[in-house]
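Q: Throughout the sequence shown, residue numbering follows my numbering, covering 6 to 137 in sequence.
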Amino acid sequence: MKIVPLGSEEQAIEKANTIMRAYHNVRKEYPDFSVKVFVCGLKLKFLDMSLNDIIMNNAKAIYDNVKDEDENFMVGIDFVNEEDESRNFSEFEKYVVEAKEKMPEIYFTPHAGESLKLDDSNLRYAIEQNVP
């Protein structure tokens, strides 16, 4: 499940905990059901870039504080957006480096290489940064 964790750390943690409570309620009837959280919003073209610091801070708060039986409930960061119309993935290097350092078990969804143009810079950057 994807969430955009804007607001305070407490609000972001509560949003993730609310999702986890709903997940556990569904599992009572459907024990094979599974949900994890991906944070998104970093590349949303209608959001100001200054909000990325809030999103990343809140992602770290969710990563540190919301556990499902000692496992991270937040498992990834999704740099989703229309690739041809948004900022280049390399502009988010600060956030990639920070996430890899502070949240080493996190997966990334870079949406690199989904361009209609013949530009492979996003894909090249994702490979060079070893984005899993």
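Where is the CB? At the ideal position from N, CA and C, for every residue including glycine.
Bear in mind the structure is a predicted one, so any value in this text is a computation, not a measurement.
Can you grab the Cα-Cα spacing for the pair residue 78 / residue 68, in whole Å?
A: 7 angstroms
Q: Could you tell me the alpha carbon to alpha carbon distance between residue 105 and residue 21, rounded to whole angstroms?
A: 21 angstroms
Q: Might you give, ordered along the chain, the residues of its own chain that have their beta carbon closer than 6 angstroms to the beta carbon of residue 65, omitting 5 neighbours on each side?
A: 107
Q: Which residues bound the beta strand (DSSP E) around residue 112?
A: Unbroken beta strand (DSSP E) run through residue 112: 112–114.
Q: Can you tell me whether residue 41 is helix, strand or coil according to DSSP?
A: coil
Q: Between the Cα of residue 61 and the Cα atoms of 101, 129 and 29, which residue gives the shortest distance?
A: 101
Q: Can you give me the Cβ contacts of residue 81 inside the same chain, cut-off strictly under 7 angstroms, excluding the 5 residues immediately before and after it?
A: 43, 111, 112, 113 and 114
Q: List the endpoints of the continuous beta strand (DSSP E) containing residue 83.
A: 79–83
Q: Measure the CB-CB distance between residue 73 and residue 25 and report whether it falls below 9 angstroms.
A: yes
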